[in-house]
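Everything on this sheet refers to the single structure shown next.
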Amino acid sequence: MMQTQSPYDSVLFYYDLYPQSIEDRGKVKKVTTNQGVFALKETTMTKEHSDGFIHALRRLTKLGYKQAVPILPTKYGEYTIHTGTHTYYLMPWIEPLEYTARESQEQKLASQLGVIHRLTVKTQSFVKENVEESYQQLLRRWEMRRLELNRFADQAEQKTYMSPFELTFITHAHMLDQMAETAKHHLIKWYELCLEKKKYRTVLCHGRLNRSHTCFTRDNEPLLLNFERAGLDTPSRDIASFCRYSFRHAYWVEEEVLQWFNSYERHLPLLEEEKHLICAYLNFPEPIGFAVDAYLANKGTMREYEHVQRLEKRLTSMRRVQRLTQKLIIVPDPEQAQTQQ
371 MMQTQSPYDS VLFYYDLYPQ SIEDRGKVKK VTTNQGVFAL KETTMTKEHS
421 DGFIHALRRL TKLGYKQAVP ILPTKYGEYT IHTGTHTYYL MPWIEPLEYT
471 ARESQEQKLA SQLGVIHRLT VKTQSFVKEN VEESYQQLLR RWEMRRLELN
521 RFADQAEQKT YMSPFELTFI THAHMLDQMA ETAKHHLIKW YELCLEKKKY
571 RTVLCHGRLN RSHTCFTRDN EPLLLNFERA GLDTPSRDIA SFCRYSFRHA
621 YWVEEEVLQW FNSYERHLPL LEEEKHLICA YLNFPEPIGF AVDAYLANKG
671 TMREYEHVQR LEKRLTSMRR VQRLTQKLII VPDPEQAQTQ Q
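With the sequence shown counted from 1, adding 370 to any position gets you the working numbering.
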């Protein structure tokens with residue numbers, strides 16, 4: 371513990387804090403001083419990145435948002451400190467409390483996401499040339515990813531003896547390819563609707579909201595941390611990211627996730643095109659791609675059965691995503707709904 375004190379003394383000097391002890395909690399250091407207990411966050415953010423992060427928090431504060439853990443200024447009024455290799459910022463230390471409310475933590479977080487998005491929502495003109503490039507770029511990236519997954523399946527099938535991981539993947543390869551096609555369909559639908567309406571909405575996105583970036587108060591109310599990836603984007607991207615990160619924490623069912631959406635939409639009802647974009651992000655089998663990447667790049671850090679377990683867990687999530695996204699967009703035409711089922 372004593373060894374970790376000296377590298378941070380020069381940073382804490384800017385806050386006039388003299389540590390009695392520093393506990394290493396990964397990227398966060400728990401700093402105990404005679405003036406209280408603080409959390410010192412160590413990051414690799416650039417100066418430009420950290421300026422955007424602080425700007426996002428200040429904007430929320432001005433709009434009256436009170437559920438973000440505050441960033442404390444230095445004695446010179448700065449909110450981040452750059453040392454050349456790292457960027458630091460300081461917060462009050464909040465001791466984790468047990469969550470005891472009946473509704474899930476994710477429901478509470480979805481509600482907060484809705485509040486942040488409602489406070490910051492703006493309608494933008496849909497300039498075709500500006501959006502076309504990023505739309506085409508995403509389509510190309512997804513197509514490349516899809517080809518990589520198909521190639522992995524082809525190579526596995528040519529083997530006399532497949533590994534357990536390859537066998538598990540092959541069993542679901544057709545479903546994954548169908549989901550990639552479904553994602554493409556929803557993305558095209560989003561683009562066409564925006565083109566038709568000639569507008570779309572942007573919000574301040576948290577970027578990585580999930581329960582590991584949250585503390586809960588004694589009243590089971592969330593205090594949000596880690597706005598480092600905050601920025602302006604479509605609400606769909608933030609919601610899809612929130613869902614992806616949250617799927618890991620529980621063996622969820624579709625009804626539970628629909629509750630998350632209900633909690634969110636009490637603050638900001640989603641437009642049809644935004645739902646299509648969420649469905650596009652969620653249906654594309656990116657988590658499976660990451661699992662395959664990790665399997666191929668593995669240097670002995672994980673055993674075969676651990677890779678298989680992770681793949682199976684993600685495949686279970688993807689099957690549930692299929693059912694969830696069918697319920698997320700209600701097709702008005704009964705005959706069309708019949709054909710979708």
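No residue lacks a Cβ here, since even glycine has one placed at the ideal position from N, Cα and C.
Inset, instruction - Could you tell me if Val-497 is buried or exposed, where buried requires 16 or more neighbouring beta carbons within 10 angstroms of its beta carbon? - result: exposed
Inset, instruction - Tell me whether Thr-612 sits in a helix, a strand or coil according to DSSP, three-state version. - result: Note on residue identity: the sequence assigns Phe, not Thr, to residue 612. DSSP places Phe-612 in helix when its eight states are reduced to three.
Legend entry - Residues that Met-461 bridges to, as DSSP identifies them: Ala-409
Inset, instruction - Just grab the DSSP bridge partners of Pro-592 for me. - result: Phe-586
Inset, instruction - Going by CA-CA distance only, name the one from Arg-607, Asp-386 and Ile-558 that's closest to Gly-447. - result: Asp-386
Legend entry - Delimiting residues of the beta strand (DSSP E) encompassing Lys-397: Premise fails: Lys-397 is in no beta strand (DSSP E) and is neither H nor E.
Legend entry - Option in Glu-503, Ile-540, Phe-612 and Ala-661 with minimal Cα separation from Gly-577: Phe-612
Legend entry - Reduced DSSP secondary structure (H/G/I, E/B, other) of His-487: helix
Inset, instruction - Put Gly-601 into one of helix, strand or coil per three-state DSSP. - result: strand
Inset, instruction - Ignore the nearest five residues each way along the sequence and tell me which others in Ile-464's own chain have a CB closer than 7 angstroms to its CB. - result: Val-439, Cys-585 and Leu-593
Inset, instruction - Over the uninterrupted beta strand (DSSP E) stretch that includes Gln-494, give me the two end residues. - result: 492-495
Inset, instruction - Taking Leu-595 and Leu-574 to be in contact with their CB atoms under 8 angstroms, please state how far apart those CB atoms are, rounded to whole angstroms. - result: The Cβ separation is near 16 angstroms, so there is no contact.
Inset, instruction - Per DSSP, which residues does Cys-575 bridge with? Please list them. - result: Gly-601
Legend entry - Coarse secondary structure for Ile-328, derived from DSSP in three states: Here the chain comprises residues numbered 371 to 711, so residue 328 is not present and cannot be evaluated.
Legend entry - Nearest residue (CA-CA) to Ala-543, options Asn-520, Trp-560 and Ser-533: Asn-520
Legend entry - Nearest candidate by alpha-carbon position, reference Pro-462, set Pro-534, Gln-405 and Glu-527: Gln-405
Inset, instruction - Report yes or no: do the stretch 556-571 and the stretch 467-474 share at least 3 C-beta pairs separated by less than 8 angstroms? - result: no
Legend entry - Reference Asp-589, options Tyr-388, Glu-418 and Gln-437, closest by Cα: Gln-437
Inset, instruction - Whole angstroms is fine: what's the gap from Glu-502's alpha carbon to Tyr-675's? - result: 43 angstroms
Inset, instruction - Please go through the same chain and pick out, in chain order, the residues whose beta-carbon is closer than 6 angstroms to the beta-carbon of His-487, but skip the five residues on each side of it. - result: Val-573, Pro-605 and Leu-638
Inset, instruction - Would you check if there are 3 or more beta carbon pairs closer than 8 angstroms linking the stretch 530-550 to the stretch 648-665? - result: yes
Legend entry - CB-CB length for Trp-560 against His-646, believed under 8 angstroms: 4 angstroms
Legend entry - 8 angstroms contact criterion, which Lys-397 and Thr-413 should meet: CB distance rounded: 7 angstroms
Inset, instruction - In the DSSP assignment, find the unbroken alpha helix (DSSP H) run with His-654 in it and report its ends. - result: The sequence shown places Phe at residue 654, rather than the His named in the question. Premise fails: Phe-654 is in no alpha helix (DSSP H) and is neither H nor E.
Inset, instruction - Kindly indicate which three-state DSSP category Gln-350 falls into: helix, strand or coil? - result: The question about residue 350 has no answer, for the chain in this structure spans 371 to 711.
Inset, instruction - Compare the beta carbon distance of Phe-423 and Phe-617 with 8 angstroms and say whether it is the shorter of the two. - result: no
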